[in-house]
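All remarks here apply to the structure that follows.
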Amino acid sequence: MMDVDRVPLAFRAQIEGRCQVQRINRNLDDAADNEAYIWAREWLRGASQRPPEFPEGVKTQEYRITWRFVTNSGQDEGIIRPVISGTGSPFYPGSSMKGAFRRACKQVFRDRVLKYCGGDDDDSQGQTKPGILRFHGAYPVNDWKDESDLVDLVHPQQEWQVEEQASHSAFFMMSLFQPRLRFGISSSKTLSEEEWAEIWQVWETALGYGIGSRVSAGYGHVTDSKAPTLLTMNLKGEGLFSQRVNGDLEFRPNMFKGALRGHTLRLLGGVTTAEIAEDITKRIWGGFAGHNGSVVGELGIAFKCDRNQLDDQTQWFKLEQGQLGILLLNVRDEERRQRLRKFVIRLMKFSMMLGGFGKSWRRSSHRKFFSNKDYERDIGCHWEFLGKDRSLYQPFHTLEDICKYFQALHSLMQKWVTQEEGQRLDTAGANWRESWHRDRVQVWARFDDDMEPISTALDWFHQEEDAASHRSIKNSHLTGKLNQIGRMWHRMYPRYVKQNGKLRQRGFIEFLTIFPDGNATGDDLKIQQEFWQFLEEISEFDRVW
Numbered sequence: 002m003m004d005v006d007r008v009p010l011a012f013r014a015q016i017e018g019r020c021q022v023q024r025i026n027r028n029l030d031d032a033a034d035n036e037a038y039i040w041a042r043e044w045l046r047g048a049s050q051r052p053p054e055f056p057e058g059v060k061t062q063e064y065r066i067t068w069r070f071v072t073n074s075g076q077d078e079g080i081i082r083p084v085i086s087g088t089g090s091p092f093y094p095g096s097s098m099k100g101a102f103r104r105a106c107k108q109v110f111r112d113r114v115l116k117y118c119g120g121d122d123d124d125s126q127g128q129t130k131p132g133i134l135r136f137h138g139a140y141p142v143n144d145w146k147d148e149s150d151l152v153d154l155v156h157p158q159q160e161w162q163v164e165e166q167a168s169h170s171a172f173f174m175m176s177l178f179q180p181r182l183r184f185g186i187s188s189s190k191t192l193s194e195e196e197w198a199e200i201w202q203v204w205e206t207a208l209g210y211g212i213g214s215r216v217s218a219g220y221g222h223v224t225d226s227k228a229p230t231l232l233t234m235n236l237k238g239e240g241l242f243s244q245r246v247n248g249d250l251e252f253r254p255n256m257f258k259g260a261l262r263g264h265t266l267r268l269l270g271g272v273t274t275a276e277i278a279e280d281i282t283k284r285i286w287g288g289f290a291g292h293n294g295s296v297v298g299e300l301g302i303a304f305k306c307d308r309n310q311l312d313d314q315t316q317w318f319k320l321e322q323g324q325l326g327i328l329l330l331n332v333r334d335e336e337r338r339q340r341l342r343k344f345v346i347r348l349m350k351f352s353m354m355l356g357g358f359g360k361s362w363r364r365s366s367h368r369k370f371f372s373n374k375d376y377e378r379d380i381g382c383h384w385e386f387l388g389k390d391r392s393l394y395q396p397f398h399t400l401e402d403i404c405k406y407f408q409a410l411h412s413l414m415q416k417w418v419t420q421e422e423g424q425r426l427d428t429a430g431a432n433w434r435e436s437w438h439r440d441r442v443q444v445w446a447r448f449d450d451d452m453e454p455i456s457t458a459l460d461w462f463h464q465e466e467d468a469a470s471h472r473s474i475k476n477s478h479l480t481g482k483l484n485q486i487g488r489m490w491h492r493m494y495p496r497y498v499k500q501n502g503k504l505r506q507r508g509f510i511e512f513l514t515i516f517p518d519g520n521a522t523g524d525d526l527k528i529q530q531e532f533w534q535f536l537e538e539i540s541e542f543d544r545v546w
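Every position in the sequence shown, counted from 1, becomes a number in my numbering once 1 is added.
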């Protein structure tokens, strides 16, 4: 009789007791004992060591994926994993390639779509005409067989980060890390080299939009992309690497989309209902629509940088230069594009003013700004605009300028909901922990003209006792703790002022963003009230929103 426990996980039903590859079990002594890692090891043992070869006559080109790539096979319920060939090699299906090519061809050579891809022929009384091109898909040709690189994570955090719902879970998925893909196309007719060059031009246009799954989150984009881009911004930053379940470190560009999408929700949630805010956010950034599947958003992100800058032997990275691109995925109307451009610029200014990107984004870099230089834990992050993009810094001469900025931003969000989306406002806003509503958020600020500043507020997060100069909020509901999101953001924002028509840096602005707990009782209520009193009567901070 067959021993069912010897059946490889890839051939087991995804049900309790047999196989649940997507589930993360953090109680295991060794992360490699999670079924996702076992699944990957079994896959690699059976996979051919040589990449497949295309048949003779197939034209090929190779392209490098900047970060990660996945084509969801849809074969196993509950887990995203690549399509796998009979030899065990992951591949990008020819049918998917043809669909992407057809969409791009409509833009580049609209009159050749029928010739290349086939379809209904108007001259043949509705009969289908085959195209001359055959799309053979793609295989990775570099070394993709690293167990740690293959096992990826999906971690939906909207409810946890923004809405104050305690339940949140990460899930395993399988994706390829920086593969070099060889694509194949053949033709049933002899074509000139010039026409083949134009065919690859169409394919490179298709690649510009990203291929595979999760493209709006940064997956499936190639180096030297010809993507239609809404705008690009040059940044530098430092912070914590993301950590895989097995402890390996990874710089994950999808952190930028996570931040921008989250702030879109927060800002819209301050002026309209939760349902409307979520619908508008899905339209812009995409998302899940329950039983109706996923929504393809209008915008996506791609981040380019020299990964040699990133030393993943320590948990802290310092990136001297990178370029964040906001991609146009599904916007045909030029006027809508221009309005989205203004919206994203406002969103990016807000994101850079009050927070950051990636792990521990709610705190300023302790390495850079904490008074205790002997503090051993790496916490927070710090991001800055570079070069010409320093013009995106909001110039503030006085605290009153900051007040006016937040009032204008609130009004612009109201106009976006009513005029751009045709939806209604709601004076109460969304009932979320972090909706940007006057009754739910406070922003405090102080000017620090020192170009080598030391944060005032970070002491309050870590000191055990109160003193004349600070109020300890360590381990309180305001600062958060393990498995509990805090109610405060802290940011050291480079302060720029206009002098003789030019932006010049003059120190920093220290921001505290606080989302008070309206249901606080007991010690939490006491801490909250005493801290508000301290901020107003003793501290150097002034309330600006």
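All C-beta atoms in this analysis are idealised placements derived from N, C-alpha and C, irrespective of residue type, glycine included.
The structure displayed is predicted, hence computed values, not measured ones.
Residue interval of the alpha helix (DSSP H) (run including residue i)
i, result
"threonine 72", "Per DSSP, threonine 72 belongs to no alpha helix (DSSP H) and is neither H nor E."
"isoleucine 528", "523-538"
"valine 203", "194-209"
"aspartate 150", "148-151"
"histidine 407", "Note on identity: in this sequence residue 407 is phenylalanine, with histidine being the wrong assignment. That run of the alpha helix (DSSP H) goes 400-416."
"phenylalanine 370", "367-370"
"tryptophan 433", "From DSSP, tryptophan 433 is part of no alpha helix (DSSP H); its letter is neither H nor E."
"phenylalanine 462", "459-463"
DSSP state of residue i mapped onto helix, strand, coil
i, result
"methionine 349", "helix"
"histidine 491", "strand"
"phenylalanine 12", "helix"
"arginine 544", "strand"
"lysine 283", "helix"
"leucine 45", "helix"
"aspartate 449", "strand"
"tryptophan 161", "Because the pLDDT of tryptophan 161 is 48, which lies under 50, any placement of that residue in the model is unreliable, and the question is left without a value."
"serine 477", "coil"
"valine 223", "strand"
"valine 296", "strand"
"cysteine 20", "coil"
"tyrosine 38", "helix"
"isoleucine 85", "strand"
"glutamate 422", "coil"
"glutamine 288", "Checking the sequence, you will find glycine at residue 288 rather than glutamine. DSSP places glycine 288 in strand when its eight states are reduced to three."
"glutamine 339", "helix"
"valine 155", "strand"
"leucine 115", "helix"
"glycine 1", "Examination of residue 1 is not possible in this model, given that the chain is present from 2 through 546 alone."
"phenylalanine 516", "coil"
"serine 276", "Sequence inspection shows glutamate at residue 276; the serine mentioned does not correspond to that position. Glutamate 276 falls in the helix class under three-state DSSP."
"glutamine 50", "coil"
"lysine 258", "helix"
"phenylalanine 110", "coil"
"lysine 389", "helix"
Cross-strand partners of residue i (DSSP beta bridge)
i, result
"lysine 503", "Gln500"
"threonine 129", "Asp121"
"asparagine 235", "Gln324"
"threonine 61", "Gly185"
"glycine 271", "Glycine 271 pairs with nothing; no bridge assigned."
"glutamate 511", "Arg447 and Met493"
"proline 91", "Ile85"
"glycine 240", "Phe318"
"glycine 263", "Paired residue(s): none; glycine 263 is not in a bridge."
"threonine 230", "Leu328"
"leucine 355", "In DSSP, leucine 355 forms no bridge with anything."
"leucine 250", "Gln244"
Whole-Å CB distance - residue i paired with residue j, under 8 Å assumed
i, j, result
"isoleucine 380", "arginine 364", "5 Å"
"valine 203", "phenylalanine 304", "Actually they do not touch by this definition, with Cβ atoms about 25 Å apart."
"leucine 330", "tyrosine 210", "6 Å"
"leucine 459", "serine 361", "The Cβ separation is near 13 Å, so there is no contact."
Host beta strand (DSSP E) of residue i (start-end)
i, result
"glutamate 385", "383-386"
"tyrosine 550", "Residue 550 lies beyond the range of the chain shown here (2 to 546); nothing can be said about it."
"phenylalanine 173", "172-175"
Status (buried if at least 16 other CB within 10 Å, exposed otherwise) for residue i
i, result
"proline 56", "exposed"
"threonine 522", "exposed"
"arginine 505", "exposed"
"valine 545", "buried"
"histidine 463", "buried"
"glutamate 299", "buried"
"lysine 283", "buried"
"alanine 228", "buried"
"isoleucine 16", "exposed"
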